[in-house]
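Numbering (this note's numbering), first residue to last: 662 to 1027. Think of the CB as a built atom: it goes at the ideal place given N, C-alpha and C, for glycine as much as any other residue. Step one of this worksheet: look at the structure below.
Written out as structure tokens, the structure is:
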């Protein structure tokens, strides 16, 4: 073991190899805050403590965003060739989507937990700035990465992986950020926000379908991905969960635009969300079985990709709790508690392993 030499890795070497998927930590930490803030189980004695925990995790996610954002930007300034090389890579390139993903998840988390600590005059301008930056980067990175795949010769089926779901899920988050503004603006602006929300949802959902077909084909007709890519198989749970949540958000916050159609659209959104939830249940079961198979074959090598275990499970937890309360199904609420426990366990394991990796230098390796 070469711990000493790893600890003395020159900063520029770390900066040169800074992983594009680090912002998965921001997404995973923020979603823990949102899940905790919802008080899984609706236990009155835990409501106040869990709200404090929720706010604390969102604040921690902001701190991580700043801490990780500095080297992220500096890498593009000092090592643009290395950054571009990663963007052109069929596996690493999709992970650049975690940056706008972190921005939009922070914006969404702020809308949920922010009212308990921030005034409206601070809350909405902050979210508006995050939304503008996140949406622009989401579209650019999504189009650029797809274009690179189109023009790259000899992309092998074995390179298809769950990381390709990151650009789609980030697009699907867009309605979660924009729709709360609909009730605060005039009619034409509200309709414009609805258009952008629908565009983001449509881009993300149909890209998800295309990539899911590719991944399913890859899993059926080729050997399982190498162990370092095992966590990526959980990412597919993210688009499924967020797609359902976004439908509910569009129906609820878009009532001002829908008018007389509000009741019908709300019912359609609830049914659609349950369809997504059901598919998510299948994906969760498949992901658990595959993870168990990988673990039986040997331990998973640590990498930044381990953060893929957090946000998708968190998004599915939030979706489960949302539907449990909308339909008043206690069994779903209990299932939401179990998912929350799984999320916390994943977050603790990944965080501890990440801190160890940062200390030893393992986290900077590819």
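Three-state secondary structure assigned by DSSP to residue i
i, result
"residue 822", "coil"
"residue 1013", "helix"
"residue 718", "helix"
"residue 700", "coil"
"residue 914", "helix"
"residue 989", "coil"
"residue 749", "coil"
"residue 884", "coil"
"residue 944", "helix"
"residue 971", "coil"
"residue 923", "helix"
"residue 847", "coil"
"residue 984", "helix"
"residue 780", "coil"
"residue 878", "helix"
"residue 1008", "helix"
"residue 1042", "Given a span of 662 to 1027 for the chain in the structure shown, any question on residue 1042 remains unanswerable."
"residue 960", "coil"
"residue 681", "coil"
"residue 817", "coil"
"residue 740", "coil"
CB-CB length for residue i against residue j, believed under 8 angstroms
i, j, result
"residue 888", "residue 962", "6 angstroms"
"residue 715", "residue 971", "About 15 angstroms separates the two Cβ atoms, so there is no contact after all."
"residue 732", "residue 676", "6 angstroms"
"residue 795", "residue 765", "4 angstroms"
"residue 1031", "residue 814", "No answer is possible for residue 1031: the residues shown for the chain start at 662 and end at 1027."
"residue 858", "residue 839", "5 angstroms"
"residue 902", "residue 865", "Their Cβ separation, rounded to whole angstroms, is 12 angstroms, which puts residue 902 and residue 865 out of contact at 8 angstroms."
"residue 907", "residue 836", "4 angstroms"
"residue 938", "residue 905", "6 angstroms"
Minimum C-alpha distance to residue i - residue among the options
i, options, result
"residue 924", "935, 911 and 715", "911"
"residue 1002", "1020, 825 and 975", "975"
"residue 950", "936, 885 and 903", "885"
"residue 841", "693, 833, 854 and 1008", "854"
"residue 833", "992, 966 and 899", "899"
"residue 810", "956, 754, 862 and 793", "754"
"residue 935", "780, 759 and 982", "982"
"residue 762", "980, 780 and 730", "730"
"residue 966", "793, 1026, 846 and 905", "1026"
"residue 695", "721, 682 and 893", "721"
"residue 823", "1007, 973 and 984", "973"
Buried or exposed by the 16-neighbour rule on C-beta atoms within 10 Å, applied to residue i
i, result
"residue 739", "exposed"
"residue 747", "buried"
"residue 988", "exposed"
"residue 736", "buried"
"residue 943", "exposed"
"residue 1013", "exposed"
"residue 850", "exposed"
"residue 816", "exposed"
"residue 978", "buried"
"residue 914", "buried"
"residue 674", "exposed"
"residue 751", "buried"
"residue 705", "exposed"
"residue 844", "exposed"
"residue 692", "buried"
"residue 999", "exposed"
"residue 718", "buried"
"residue 790", "exposed"
"residue 955", "buried"
Any non-hydrogen atom of the ligand HEM within 7 angstroms of residue i CB
i, result
"residue 717", "Absence of the ligand HEM from the depicted structure is noted, as is the absence of any ligand whatsoever, leaving it without description."
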